[in-house]
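Data first, discussion second: the structure below is written as structure tokens.
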Amino acid sequence: MSEKYHIFGYKSIFKYKRFDIVKKRIAIFASGSGSNAQKIMEHFKYSSLAEVALVLSNNPEAYVLQRADNFEIPSHVFDRKTFYESDEIVDILKRLEIDLVVLAGFLWLVPERLLKAFPNKIINIHPALLPKFGGKGMYGDRVHQAVLAAGEEEHGITIHFVNEKFDEGEVIHQAKFKIENGDTLEILKFKGQQLEHQYFPKVIENLLKKYN
Ligand code: GAR
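Quick note, the sequence shown lines up with residues 1 to 212 if you use full-length UniProt numbering.
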């Protein structure tokens, strides 16, 4: 048996050597509902390529924690001080041998210590066509509101690498749709969410396929 790892067992957070399958390991950070996290967990549930090893949140009330529980995926809640002033989160991710960190509706700026520990291994999804409608405070309904107010003809989503600034890392993938006359905030949000759910798991999969 070679040096391969597999994780199983409800609430297990440890890896151990087993079989000949090396699965890439994904950690998802989310602050709220976690509909994107849900799609990612569904996508990789029976994958031989990768698995969601951990879900992390800054919000103890976030519904994403329930979703993780439904998939029997361990979760971890942290506070601001821990995130910005300690190595705890990096230590956990390293201990779990995480290959890719996915921000799926995570609203805090990623600290340098985490960026350094996972260079080019942290990605984010944003509900607009960056570089437009990004930056601090640009999340959720505010984004779609700003798009409507600007009279844009098209709207969409961006999946990008994370750097030290909000929404400014290298773009990995964008998908767009035409804004129709009479489209409301709710419609834009729905159409954007459909694209997010359609593309995010696939983009993650394609990225992981390139890793050794
Ligand atoms: C998603 O639309 C994501 O693009 C957005 O938060 C939503 C989370 O939804 N992220 C940002 O706005 C980051 N700036 P979800 O919790 O249902 O996945």
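Virtual Cβ for every residue (Gly too), placed ideally from N, Cα, C.
When distances are taken from the beta-carbon of Met-41 to the heavy atoms of the ligand GAR, even the shortest one reaches 7 Å or more.
Taking 7 Å as the cut-off, one finds at least one heavy atom of the ligand GAR near enough to the beta carbon of Ile-125.
From the listed residues Asn-36, Ser-47, Glu-152, the smallest Cα separation to Lys-23 is found for Ser-47.
In this structure, the straight-line span from the alpha carbon of Phe-133 to that of Glu-153 is close to 14 Å. When C-beta atoms of the segment 193-202 are compared with those of the segment 140-154, fewer than three pairs fall below 8 Å, so the two segments do not count as touching. Counting only runs of 4+ residues, the alpha helix (DSSP H) found wholly inside the segment 116-180 occupies 141-149, in chain order. CA-CA distance, Arg-142 to Tyr-199, rounds to 22 Å. Excluding five sequence positions before and after Pro-60, the CB atoms of its chain that fall closer than 7 Å to its own CB belong to Val-77, given in chain order. The beta-carbon separation of Tyr-63 and Gly-105, rounded to 10 Å, does not stay under the 8 Å limit for a contact. In this structure, Ile-187 lies away from Gln-174, with their beta-carbon atoms at least 8 Å apart. Distances from the CA of Phe-29 to each of Lys-121, Asn-181, His-160, Val-102 were compared; the closest alpha carbon is that of Val-102. Here Ala-27 is not near Ala-68, since their CB atoms are 8 Å or more apart. With respect to the 8 Å criterion, Ile-123 and His-160 are classified as neighbours on the basis of their beta carbons.
Counting along the chain, the unbroken alpha helix (DSSP H) around Phe-83 starts and ends at 80-85.
Leaving aside the five residues that flank Leu-115 on each side, the residues in its chain whose CB is nearer than 8 Å to its CB run, in chain order, Ile-122, Val-162, Asn-163, Glu-164.
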